[in-house]
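Participant: Quick one: the structure is below, and I'll ask about it shortly.
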């Protein structure tokens, strides 16, 4: 099977959930750990984004197939989180409160060099380290903020789930969790030349406790 790596779009590091997490008054476990020794990036972004990021991370963990011939020091498990200002980072990367605060000050846009330059550099390293791998973007392709940077580097190797078109973040998160449970991957198409806007598909049936969580922001 063809090697496959995943790029996960970031959480909103300046939103309400981020403010709750970064508050000096926050006494819940994740906030305390973040202030002390730091916490894994994937766990932090899951808290801030809720169902959507939880679905992305669970889906990537289930279906990533890193190239066995690639440099493990670069490719790792084949899962990378797009960050505002630090390029691509593995979800197990330990981040501090200061790092998240810094992320919240960087705009995610193709005209923001503090975001674009680290992302370009990290994507180029990945493209060179895993030249045979498909690269699947789990994030919005409706805007240029990820697509313009990544297509220029990966070309037709940059894919996305075609069933994302027209869905909001909560719907995407629920859809991915369903496929994690079933063990069946979504269908992917190249981002370049794809139809990236469409009508909203029918609402998904409720998924029990997995409906909980926040994160309606499109990212």
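Numbering (my numbering), first residue to last: 1286 to 1504. Even for Gly, the Cβ is constructed at its ideal location relative to N, Cα and C. In this text the structure is predicted, and so the values were computed from the model without any measurement.
1) If you measure between the beta carbons of residue 1404 and residue 1373, is that distance less than 8 Å?
2) Straight-line CA distance for residue 1348 to residue 1342?
3) Going by C-alpha to C-alpha distance, which of 1315, 1345, 1326 sits closest to residue 1471?
4) Check whether the Cβ atoms of residue 1473 and residue 1426 sit closer than 8 Å, and answer yes or no.
5) Got a sec, what are the start and stop residues for the beta strand (DSSP E) residue 1289 sits in?
6) Residue 1469 lies in the beta strand (DSSP E); which residues open and close that run?
7) Please report the straight-line C-alpha distance between residue 1375 and residue 1361, rounded to a whole angstrom.
8) Do you know whose CA, among 1290, 1296, 1289, lies nearest residue 1393's CA?
9) Return the first residue and the last residue of the alpha helix (DSSP H) that residue 1444 is part of.
10) In this structure, how does DSSP classify residue 1380 when only helix, strand and coil are distinguished?
11) Quick one: using the 10 Å Cβ neighbour count with 16 as the cut-off for buried, is residue 1452 buried or exposed?
12) Do you know how far the Cα of residue 1454 is from the Cα of residue 1379?
13) One question on the structure: do residue 1382 and residue 1457 come within less than 8 Å of each other, judged by their Cβ atoms?
14) When you compare only the Cα positions, how much space is there between residue 1431 and residue 1359?
15) Between residue 1421 and chain D, is any beta-carbon pair separated by less than 8 Å?
16) Would you tell me roughly how many angstroms separate the C-alpha atoms of residue 1287 and residue 1330, rounded to the nearest one?
17) DSSP state of residue 1439, grouped into three classes?
Facilitator: Let me spell this out:
1) On the chain shown, position 119 is the one that residue 1404 refers to. On the chain shown, position 88 is the one that residue 1373 refers to. A Cβ-Cβ contact shorter than 8 Å links residue 1404 with residue 1373.
2) Here residue 1348 refers to the residue found at position 63 when the chain shown is read from its first residue. Here residue 1342 refers to the residue found at position 57 when the chain shown is read from its first residue. Rounded to the nearest angstrom, the gap between the Cα atoms of residue 1348 and residue 1342 is 10 Å.
3) Walking along the chain shown from the start, residue 1471 turns up at place 186. Distance from the Cα of residue 1471 is smallest, within the candidate group 1315, 1345, 1326, for 1345.
4) Translated into the one-based positions of the chain shown, residue 1473 becomes position 188. Translated into the one-based positions of the chain shown, residue 1426 becomes position 141. It is not a contact, given that the beta carbons lie outside the stated cut-off.
5) The sequence position of residue 1289 within the chain shown is 4, counting from 1. Unbroken beta strand (DSSP E) run through residue 1289: 1289 to 1293.
6) The residue you call residue 1469 lines up with position 184 of the chain shown. Where residue 1469 is concerned, there is no enclosing beta strand (DSSP E), given that its DSSP letter is neither H nor E.
7) In the chain shown, the residue the question calls residue 1375 occupies position 90. In the chain shown, the residue the question calls residue 1361 occupies position 76. Those two C-alpha atoms are separated by around 8 Å.
8) If you number the chain shown from 1, residue 1393 lands on position 108. Out of 1290, 1296, 1289, 1296 has the C-alpha closest to the C-alpha of residue 1393.
9) Taking the first residue of the chain shown as 1, we reach residue 1444 at position 159. For residue 1444, there is no enclosing alpha helix (DSSP H); the residue is part of the beta strand (DSSP E) that begins and ends at 1443 to 1446.
10) Position 95 of the chain shown holds residue 1380. Assigned with DSSP and collapsed to three states, residue 1380 falls in strand.
11) Here residue 1452 refers to the residue found at position 167 when the chain shown is read from its first residue. That one is buried.
12) Position 94 of the chain shown, counted from the first residue, corresponds to residue 1379. Position 169 of the chain shown, counted from the first residue, corresponds to residue 1454. If I take the Cα positions, the gap works out to 25 Å.
13) For the purposes of this step, residue 1382 is identified with residue 97 of the chain shown, where counting begins at 1. For the purposes of this step, residue 1457 is identified with residue 172 of the chain shown, where counting begins at 1. For residue 1382 and residue 1457, no; Cβs fall outside 8 Å.
14) For the purposes of this step, residue 1431 is taken as residue 146 along the chain shown, with counting starting at 1. For the purposes of this step, residue 1359 is taken as residue 74 along the chain shown, with counting starting at 1. Each residue's CA atom was taken as its position, placing residue 1431 and residue 1359 some 20 Å apart.
15) Looking for chain D here will not work: only one protein chain is present.
16) To locate residue 1287, count along the chain shown from 1; it is residue 2. To locate residue 1330, count along the chain shown from 1; it is residue 45. Between residue 1287 and residue 1330, the C-alpha separation is close to 28 Å.
17) Taking the chain shown and counting its residues from 1, the one referred to as residue 1439 is at position 154. Helix at residue 1439.
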